[in-house]
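One structure below.
In this note's numbering, the protein residues as written are 1 to 278.
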């Protein structure tokens with residue numbers, strides 16, 4: 001699937017899944033993406049797998065064709081639209097960093113500026129819990145995406161506005177945010193080498209108190225202990241409470257035994273012909 005017509009048909013089908021839901025997040029995603037449904041293919045279905053493969057030193061055998069598809073669309077309108085940010089903040093944070101990682105469009109700074117314009121700190125009191133959570137998710141995922149998901153340390157200075165916000169508002173975050181967001185805030189500090197920051201201690205104390213001692217896990221907000229549904233928040237809790245270090249992914253070119261049996265369509269990444277020249 002690579003023609004604009006094919007992508008549009010596919011995206012329209014994907015969009016219909018969001019149509020009949022009373023959930024605020026889903027409603028926002030449907031409304032925001034109606035005018036640009038191709039985003040569901042480009043941002044949600046294409047970019048993520050390409051970036052994940054890239055992190056392991058892999059690429060799809062049709063990598064050149066997939067990159068042509070990406071280049072056909074300017075990602076700036078998706079990443080800077082207010083309604084899109086209100087619907088997809090964390091996903092957009094991932095995607096703008098993935099684009100940069102792949103050496104394609106670089107819209108990280110336009111996204112961050114648009115995000116800050118969408119969620120000015122002085123308007124926090126006007127946000128309902130869903131939108132406040134969306135703001136926090138966007139901020140933590142900027143940090144996570146910059147680290148290529150826990151693979152590399154991040155610079156506090158490059159994201160000073162985020163760390164300043166978390167420090168100034170940690171008590172409000174603990175009151176309003178779900179446990180997975182609280183854990184993400186703490187992990188954001190760990191990724192910057194700030195384990196001794198008071199924010200880390202506060203998030204760890206919060207998460208420890210949220211763990212049900214009998215079940216050995218954090219339940220959902222409705223009190224459910226389904227492990228498969230609660231995997232995300234509980235893995236984050238383990239990372240926060242038992243942090244070791246960042247952990248670079250294995251690379252196909254260096255760790256061949258790990259990649260002896262590749263999924264269909266994936267191959268080792270072609271070497272950059274320009275690398276080492278000049």
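Even glycine gets a Cβ: it sits at the ideal position worked out from N, Cα and C. As the structure is a prediction and not an experimental result, all values here were calculated from the model.
Quick check: residue i and residue j, are their CB atoms within less than 9 angstroms of each other?
i: residue 154; j: residue 164; result: no
i: residue 81; j: residue 36; result: yes
i: residue 43; j: residue 78; result: yes
i: residue 105; j: residue 148; result: no
i: residue 70; j: residue 47; result: yes
i: residue 60; j: residue 186; result: no
i: residue 191; j: residue 143; result: yes
i: residue 111; j: residue 136; result: no
i: residue 173; j: residue 198; result: no
i: residue 246; j: residue 150; result: yes
i: residue 194; j: residue 156; result: yes
Indicate the three-state DSSP secondary structure (helix, strand or coil) for residue i in the structure shown.
i: residue 267; result: strand
i: residue 291; result: In the structure as shown, the chain begins at 1 and stops at 278. Residue 291 is therefore absent and cannot be evaluated.
i: residue 129; result: helix
i: residue 217; result: strand
i: residue 45; result: helix
i: residue 117; result: helix
i: residue 178; result: coil
i: residue 14; result: helix
i: residue 184; result: helix
i: residue 202; result: helix
i: residue 137; result: helix
i: residue 172; result: helix
i: residue 98; result: helix
i: residue 277; result: Note on residue 277: pLDDT 43, under 50, position unreliable in the model; no value is reported.
i: residue 256; result: helix
How many angstroms separate the CA atom of residue i from the CA atom of residue j?
i: residue 3; j: residue 236; result: 39 angstroms
i: residue 128; j: residue 181; result: 15 angstroms
i: residue 207; j: residue 167; result: 17 angstroms
i: residue 224; j: residue 203; result: 22 angstroms
i: residue 41; j: residue 130; result: 25 angstroms
i: residue 64; j: residue 268; result: 14 angstroms
i: residue 9; j: residue 39; result: 12 angstroms
i: residue 255; j: residue 49; result: 20 angstroms
i: residue 218; j: residue 74; result: 41 angstroms
i: residue 124; j: residue 179; result: 19 angstroms
i: residue 240; j: residue 183; result: 6 angstroms
i: residue 126; j: residue 72; result: 38 angstroms
i: residue 196; j: residue 188; result: 13 angstroms
i: residue 94; j: residue 259; result: 25 angstroms
i: residue 257; j: residue 161; result: 42 angstroms
i: residue 34; j: residue 244; result: 43 angstroms
i: residue 211; j: residue 234; result: 9 angstroms
i: residue 227; j: residue 209; result: 18 angstroms
i: residue 11; j: residue 103; result: 25 angstroms
i: residue 67; j: residue 25; result: 30 angstroms
Quick check on residue i - is its C-beta less than 9 angstroms from some C-beta in chain C?
i: residue 44; result: Here there is only one protein chain, and chain C is not present.
Would you say the beta carbon of residue i comes nearer than 8 angstroms to a heavy atom of the ligand FMN?
i: residue 195; result: Absence of the ligand FMN from the depicted structure is noted, as is the absence of any ligand whatsoever, leaving it without description.
Provide the residue(s) that pair with residue i in DSSP beta bridges, ordered along the chain.
i: residue 212; result: 217
**Message:** So, does the region 22 to 32 touch the region 85 to 94, judging by three or more C-beta pairs under 8 angstroms?
**Reply:** Yes: at least three Cβ pairs fall under 8 angstroms.
**Prompt:** Between the region 248 to 263 and the region 50 to 65, are three or more C-beta pairs nearer than 8 angstroms?
**Reply:** A contact is defined here as three or more CB-CB pairs under 8 angstroms, and the region 248 to 263 meets this definition with respect to the region 50 to 65.
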